[in-house]
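This report concerns only the one structure given below.
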Amino acid sequence: MSATILITGGAGFIGSHVVRLFVKEYPEAQIVNLDSLTYAGNLENLKDVEREDNYRFIKADICDAQKTLELFEEVRPSHVIHLAAESHVDRSITNPTTFVMTNVIGTTNLLNAAKHIWSDGKGVFHHVSTDEVYGSLGATGLFTESTPYDPRSPYSASKAASDHLVRAYANTFDMDVRITNCSNNYGPNQFPEKLIPLFINNIKHKKALPVYGDGLYTRDWLYVEDHAEAIRQVLFKGKSGETYNIGGHNEWKNINLIELLCDVMDDKLGRQQDESRQLITFIKDRPGHDRRYAIDASKIEREIGWKPSLTFQEGLVKTVEWYLAQEEWLDQVTSGNYMQYYTNQYAKA
Numbered sequence: 205m206s207a208t209i210l211i212t213g214g215a216g217f218i219g220s221h222v223v224r225l226f227v228k229e230y231p232e233a234q235i236v237n238l239d240s241l242t243y244a245g246n247l248e249n250l251k252d253v254e255r256e257d258n259y260r261f262i263k264a265d266i267c268d269a270q271k272t273l274e275l276f277e278e279v280r281p282s283h284v285i286h287l288a289a290e291s292h293v294d295r296s297i298t299n300p301t302t303f304v305m306t307n308v309i310g311t312t313n314l315l316n317a318a319k320h321i322w323s324d325g326k327g328v329f330h331h332v333s334t335d336e337v338y339g340s341l342g343a344t345g346l347f348t349e350s351t352p353y354d355p356r357s358p359y360s361a362s363k364a365a366s367d368h369l370v371r372a373y374a375n376t377f378d379m380d381v382r383i384t385n386c387s388n389n390y391g392p393n394q395f396p397e398k399l400i401p402l403f404i405n406n407i408k409h410k411k412a413l414p415v416y417g418d419g420l421y422t423r424d425w426l427y428v429e430d431h432a433e434a435i436r437q438v439l440f441k442g443k444s445g446e447t448y449n450i451g452g453h454n455e456w457k458n459i460n461l462i463e464l465l466c467d468v469m470d471d472k473l474g475r476q477q478d479e480s481r482q483l484i485t486f487i488k489d490r491p492g493h494d495r496r497y498a499i500d501a502s503k504i505e506r507e508i509g510w511k512p513s514l515t516f517q518e519g520l521v522k523t524v525e526w527y528l529a530q531e532e533w534l535d536q537v538t539s540g541n542y543m544q545y546y547t548n549q550y551a552k553a
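Per the working numbering, the sequence shown starts with residue 205, numbered consecutively.
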């Protein structure tokens with residue numbers, strides 16, 4: 205396939221898996237990784253592909269409109285997969301402006317640059333978003349592509365705004381776009397501010413496991429490599445202007461997930477049964493905590509043929525094994541500024 209595919213946020217958690225997949229699957233294409241290398245971006249995630257002939261990394265910030273335009277004029281991508289984003293809800297509560305700048309202004313800059321070079325109408329813009337734009341569910345029901353938006357945190361509001369901008373540019377400027385809204389991801393290379401890698405690291409070091417509120421908040425979980433494959437299929441098989449929900453059919457209450465993780469870790473570390481469960485510590489809930497997310501992924505399954513390949517239990521074991529084998533990587537990313545953030549965020553744990 206002769207194409208130039210620009211992937212924003214390609215040094216991050218999900219982005220690095222997408223970059224790796226495209227580099228390996230499309231040796232005739234040029235895969236350009238655009239990332240500003242914030243705290244959550246790490247080129248170590250891509251050491252296995254960094255020397256491939258069809259891979260190129262560019263350090264740049266999508267919040268810089270002029271640099272973004274110049275980059276598009278130089279690279280002239282035929283496809284854009286937009287993953288660059290501030291994504292941690294807790295951080296959006298303490299510093300919402302950063303989320304508006306990256307997720308709203310940054311997305312606008314990308315759309316303007318794409319519109320500029322795709323004046324002939326040839327080009328595809330795939331915007332990767334979240335299920336959090338839909339708000340919170342009750343005890344039953346699923347988010348569908350027609351669920352009204354009801355963002356309830358600065359993070360989800362910024363992503364909802366970017367989704368609307370992508371649709372507005374498609375309508376106003378006749379751009380070829382796709383949007384995907386995905387459930388919670390987990391797997392290798394995830395920065396350990398998120399629940400699963402955070403707790404793997406804490407269990408390993410016998411530190412408290414801080415659980416918000418009553419621990420009964422429910423999320424749908426998807427293994428990151430399954431998400432990367434879904435993105436690939438939507439880019440090439442999806443219909444212009446369409447939205448596709450991507451979910452893993454793996455709903456778990458936080459406390460049940462944490463107990464399972466404790467059990468897997470105890471088994472892998474040779475500890476006594478239920479030893480790590482003693483580390484569970486309930487702390488004050490965060491503001492605006494949505495009760496339940498759950499995705500109806502029937503559209504992407506029906507129209508494109510994608511389905512997740514792993515159950516949550518299978519993916520969790522793979523994830524634990526990866527983190528336990530990557531002690532140096534984990535120690536590197538949990539030093540310095542991360543420890544200050546952790547102390548401030550979970551001071552009451």
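For glycine and all other residues, C-beta sits at the position ideal for the given N, C-alpha and C.
Residue from the options whose Cα sits closest to the Cα of residue i
{"i": "D335", "options": "E433, L314, N313, S360", "result": "S360"}
{"i": "E455", "options": "A432, D500, C466", "result": "D500"}
{"i": "R371", "options": "F329, V438, E397, F403", "result": "F329"}
{"i": "P358", "options": "D367, S291, S340, N405", "result": "S291"}
{"i": "D380", "options": "N405, K443, D354", "result": "K443"}
{"i": "K408", "options": "L483, A233, R495, H221", "result": "L483"}
{"i": "E525", "options": "N389, I262, I400, T348", "result": "I400"}
{"i": "D257", "options": "V236, I459, T301, N375", "result": "V236"}
{"i": "D354", "options": "L465, S340, F226", "result": "S340"}
{"i": "G419", "options": "N313, Q477, H493", "result": "H493"}
{"i": "N375", "options": "R495, E446, E463", "result": "E446"}
Same chain only: Cβ atoms within 7 Å of residue i, ignoring 5 sequence neighbours per side
{"i": "A553", "result": "Bear in mind that the predicted position of A553 carries a pLDDT of just 47, short of 50, making it too unreliable to give a figure here."}
{"i": "T523", "result": "Y390, G391, P392, I400"}
{"i": "R481", "result": "E463, C466"}
{"i": "A215", "result": "N237, D239, L241, G245, N246, L247, N249, L250"}
{"i": "M305", "result": "C267"}
Own chain, CB closer than 6 Å to residue i, minus 5 neighbours either side, in chain order
{"i": "T351", "result": "Y338"}
{"i": "R224", "result": "V253"}
{"i": "L273", "result": "A317"}
{"i": "E505", "result": "K511"}
{"i": "Y230", "result": "M205"}
{"i": "E433", "result": "none"}
{"i": "F516", "result": "W425, N454"}
{"i": "D430", "result": "P512, S513"}
{"i": "E278", "result": "none"}
Spatial neighbours of residue i in its chain, beta-carbon cut-off 8 Å, leaving aside the 5 residues before and after
{"i": "E248", "result": "W533, Q536"}
{"i": "R436", "result": "V222, L225, F226, E229"}
{"i": "L315", "result": "F329, L369, V370, Y373, M379"}
Endpoints, alpha helix (DSSP H) assigned at residue i
{"i": "V222", "result": "217–229"}
{"i": "P401", "result": "399–408"}
{"i": "V370", "result": "358–377"}
{"i": "T447", "result": "No alpha helix (DSSP H) holds T447; the beta strand (DSSP E) holding it covers 447–450."}
{"i": "T272", "result": "269–279"}
Presumed contact (8 Å Cβ cut-off) between residue i and residue j, rounded CB distance
{"i": "I383", "j": "H453", "result": "Going by Cβ atoms, the distance from I383 to H453 rounds to 21 Å, so no, they are not a contact pair."}
{"i": "A289", "j": "N307", "result": "5 Å"}
{"i": "F403", "j": "I462", "result": "6 Å"}
{"i": "Y497", "j": "F347", "result": "7 Å"}
Enclosing beta strand (DSSP E) for residue i [first to last residue]
{"i": "E455", "result": "455–457"}
{"i": "L238", "result": "234–239"}
{"i": "Y243", "result": "That residue, Y243, is in no beta strand (DSSP E); it is neither H nor E in DSSP."}
{"i": "P414", "result": "413–416"}
{"i": "D535", "result": "It is not in any beta strand (DSSP E) - D535 instead sits in the alpha helix (DSSP H) that spans 531–537."}
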